[in-house]
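Enquirer: This is the structure, below, for whatever I ask next.
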Amino acid sequence: SSNALYIADQNNNRIQKWIIGDSMGTTVAGQPNGVAGATSYYLSQPCGVYVDTNSNIYVSDTMNERVQFF
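Sequential numbering from -7 applies to the sequence shown in the working numbering.
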């Protein structure tokens, strides 16, 4: 969405989506509590995020040496 900002929150092992004007973000990938992991739906120090025109989310999952798709 054009009014959203996606942030790779590396220290909390998650991807946050912030809507312009909101006071809090929403976790859209990784665990909301910040726990790292190597299984599906977990991230470990994500350092990049890309969202395509279909709202698919691609995450550079650094410590797991992979790209995750959500």
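Note that beta-carbon positions come from the ideal geometry of N, C-alpha and C, so glycine has one too.
Taking 8 Å as the limit between beta carbons, can you name the residues of its chain near M55, skipping five residues before and five after?
Expert: Excluding sequence neighbours, M55 sits near A28, S36, Q37.
Enquirer: Check each candidate in Y33, W10, D14 and name the one with the smallest Cα separation from Q23.
Expert: Per the Cα distances, Y33.
Enquirer: State the beta-bridge partners of G7 as determined by DSSP.
Expert: At residue 7 the sequence reads Ile, which differs from the Gly that was named. Paired residue(s): A0, A21.
Enquirer: Nearest to G40 by CA position, among S47, A30, N48, V59, is which residue?
Expert: Out of S47, A30, N48, V59, V59 has the C-alpha closest to the C-alpha of G40.
Enquirer: Who does F61 pair with in a DSSP beta bridge?
Expert: The partner list for F61 (beta bridge, DSSP) reads Y50.
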